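Under the UniProt record's numbering, think of the first position of the sequence shown as 456, with each following residue one higher. A short write-up of the structure that comes next.
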Amino acid sequence: KPIHVSELLEEVLDRFSFQFRSKQIEAVIEVKEGVEQAWMDRDQIDQVLDNLVSNALKYTAEGGSVKLIADVTEDQRFVSITVQDTGIGIPKKDLERIFERFYRVDKGRSRNMGGTGLGLSIAREMVLAHGGSIVMESEWNEGTSVTFTLPMKDSLQHLDEAQEGSEAGL
Ligand code: ATP
Ligand code: MG
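Right, here's the structure in full:
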């Protein structure tokens, strides 16, 4: 279904407003010109965003900021959504494995943070099922940003059909 991207982002921040306030982390939304709707399974993309924002909150110290940026890709076919934080970052050597199931940076630092290390791998699967892509960039001690894309027009049809197929046992 087509979903208004700015509403989607506002609602994610609403779900985390308590955490933002209690950790004194600033939340910013930036919707670039031309961004209106994107096609998605709303429940799945909420799950993707919840994981990215909860990661950003977990790994950003008090006084930092988390920014949600929506833009249109160069080919005008996708909306890109970026979750950018000013947190501890991820070492280069871990970046390429970060989407693997159960992969977590340095057990020591992650252990007391809770979580299973599944969030990013599930997020990746859901974004790929939408025909989009997801990439992570990070600078150790400076911050992390994750960008994923969603189609602006239909093309989710094949996803719906695949789901109907599996429900019918095909
Ligand atoms: P879960 O999401 O299942 O609760 P998790 O958050 O540990 O657990 P992922 O979301 O898959 O798992 O993230 C994997 C690992 O990547 C994290 O444990 C953390 O080490 C690192 N990571 C993810 N996002 C960030 C971020 N924004 N800043 C720094 N490190 C991050
Ligand atoms: Mg997570």
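Don't be surprised by glycine CBs; every beta carbon is placed ideally from N, CA and C. The model shown is predicted, which means the values in this text are computed figures rather than measured ones.
In the DSSP secondary-structure assignment, His585 is not bridged to any residue.
Take Thr541, set aside five residues on each side of it, and the residues of its chain with a beta-carbon closer than 7 Å to its own are Thr515, Gly519, Ser520, Gly598, in chain order. Apart from sequence neighbours up to five positions away, the residues of its chain that approach Ser535 with a beta-carbon distance below 6 Å are Asp526, Thr528, Thr602, Thr604, ordered along the chain. At least one heavy atom of ligand 2 falls within 7 Å of the beta-carbon of Ser509. Between the region 468-484 and the region 502-516 there are three or more C-beta pairs closer than 8 Å, enough to call the two in contact. Secondary structure within the region 466-529: the alpha helix (DSSP H) runs of 4 or more consecutive residues, fully enclosed, are 472-477, 497-513 (chain order). Here DSSP, grouped into helix, strand and coil, assigns Leu605 to strand.
For Gly570, the CB falls within less than 7 Å of some heavy atom of ligand 2.
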